[in-house]
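If you read the sequence shown in our numbering, its first letter stands for residue 5, the second for the next number, and so on.
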Amino acid sequence: MLKYGQALKIVLEGARPMESEWVTLSRAHRRVLSEDMVAANDVPYTDNSAMDGYAINTDDLKSVPRELKVAGVVACGKSVKRRLKPGEAMAIMTGAPIPRGCNSIVPVEDTEVITSGTVKILRKVESGKNIRRSGEDVRKGDVVLKRGVVVGPAELGMLASVGRERVRVFRRPAVAILITGNEIIEPGGRLLPGKVRDINTFSLCGLVEKFGGLPLPLGIAGDERVNLLRKMKKGLNSDIMLISGGVSMGRFDLVREALTSLGYRERFWKVAMRPGMPISFGYIGRMPVFGLPGNPVSSMVSFLQFVRPLIMKMMDRPIDLPVISAFLRTPIVKKDNRRHFLRVKLDYKNQKYFVSLTGPQGSGILKSMTECDGIAVVPETTRALKVGDKVTVQLIA
Ligand code: AMP
Ligand code: MG
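Have a look at this one:
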């Protein structure tokens, strides 16, 4: 059976980058930059005060306390023309531009007002102190954010500070999601014996959104050719198609057959992993298609291990989930040559990370997903692991 690593390679080798589009800054949150952002100006633009206080020249503070003449007030938003003369100070506000002739700011706490025209400086201050220099955050021409960066709150702020009212981002890949199974009903439907509420539409849509795609739920198709084909056709203009269920070896697993009659070129079926072994991947035209296992945990884990990396690659983002190394609190018995993706809970003690299994790891135990902080990856060749052994944990929060 195909190893996970080989299968992932096949999925990624055909990935094409999404085209880009313009969005206004206020709509850019959570989008992915499709080009490097270069600063059009220095930030800050001018030298300015980091404190409310008095702009002075340290030549006047050879000995303190020292009284200085208050020659003016420098407020934010205006530049001052007047030059500070020997023996003078100017009251200055945080963020206001530094007057010429001044080389330091004395904070208000270190001063005492004598009259409206005189201030007493109580403490010495070093030259250059409390001045934010122009360009100290960003220099004009710097690449402040790289292609592939997700725009979060800090990035929004940075884009604003360099004057980007519009930014170029990757178009979000449209991901069609088709659910299959005669037994599947909508969550609000009447639960009769044998029926199962549709979980995968919701968890898969959530995953697509979480990783920057645009989910397009196509509904539920019964295990019947005509119905499957009709619903699959609705997803043909998407960037990726996910089909949940019907790719196993059961008598009613007709998804691969139906796909084939739509021109599906399957690249693999079945990967040596657990959960998620029966997974089919291929193309219809240039659109990647995944036949994901129907078991809710398998479908989520296969999404995280295959679909997520593909979406990442399509937007030039890092492919690997962040990982940490942690010590096991639960022993693990493994009897096969597959790669296992175990759902674990994380805790931090004495400067070390520990993980314990979330409980039963069956592919139908959805609680193992709601209760986990990460996924421990147990390599193909590993057999038993003892308490205290180290495992690699993917963080999926
Ligand atoms: P399948 O992959 O079609 O053989 O389905 C495997 C198991 O997952 C069966 O027990 C199905 O009832 C269940 N299942 C399939 N699709 C869903 C779904 N959308 N929501 C919840 N359970 C599902
Ligand atoms: Mg089924």
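No residue lacks a Cβ here, since even glycine has one placed at the ideal position from N, Cα and C.
At a threshold of 7 Å, does residue i count as lining the ligand MG (C-beta to nearest heavy atom)?
i	result
T184	yes
D393	no
G4	Look at the range of the chain in this structure, 5 to 401, and you will see that residue 4 is not part of it.
D227	yes
Identify, in the order they occur along the chain, each residue of the same chain with its Cβ nearer than 6 Å to the Cβ of residue i, setting aside the five sequence neighbours on each side.
i	result
G392	F331
R316	In the sequence on display, residue 316 carries Met and not Arg. Contacts found: I323.
Looking at the ligand AMP, does it come within less than 7 Å of residue i, judged from the CB to the closest heavy atom?
i	result
I188	yes
N299	yes
V36	no
V200	yes
N204	yes
S165	no
D324	no
S138	no
S252	yes
D141	no
D257	yes
Let me confirm a value: residue i is counted as buried when at least 16 other C-beta atoms fall within 10 Å, else exposed. Which label applies?
i	result
G156	exposed
R354	Note that residue 354 is Asn in the sequence shown, not Arg. Per the 10 Å Cβ criterion, exposed.
E116	exposed
S372	buried
L211	buried
Are the beta-carbon atoms of residue i and residue j separated by less than 8 Å?
i	j	result
K338	T396	no
K133	D46	no
L220	I181	yes
I118	I109	no
I244	L296	no
P48	D141	yes
G18	P292	yes
A178	S242	yes
I94	A79	Residue identity check: residue 94 is Met in the sequence provided, not Ile. The answer is no: Cβ separation not under 8 Å.
V381	F345	yes
S138	G99	no
Excluding the 5 residues preceding and the 5 following residue i in the sequence, name in chain order all residues of the same chain whose CB lies nearer than 7 Å to its CB.
i	result
M319	M22, V36, G152, F174 and G216
N341	A276 and E384
I60	L72, A93, C106, S108, V110 and I125
Give me, in chain order, the residues of the same chain whose beta-carbon lies closer than 8 Å to that of residue i; leave out the 5 immediate sequence neighbours on both sides.
i	result
S83	T50 and P101
Any beta carbon of chain C sitting closer than 8 Å to that of residue i?
i	result
P111	Chain labels in this structure do not include chain C; a single protein chain is all it has.
Is the stretch 35-52 touching the stretch 373-384, taking contact as three or more C-beta pairs under 8 Å? no
Inter-stretch contact at 8 Å, needing at least 3 Cβ pairs: the stretch 160-167 / the stretch 65-72: No, because fewer than three Cβ pairs between the stretch 160-167 and the stretch 65-72 fall closer than 8 Å, the two stretches do not touch.
Can you find at least 3 beta carbon pairs, one from the stretch 254-268 and one from the stretch 187-199, that sit closer than 8 Å? no
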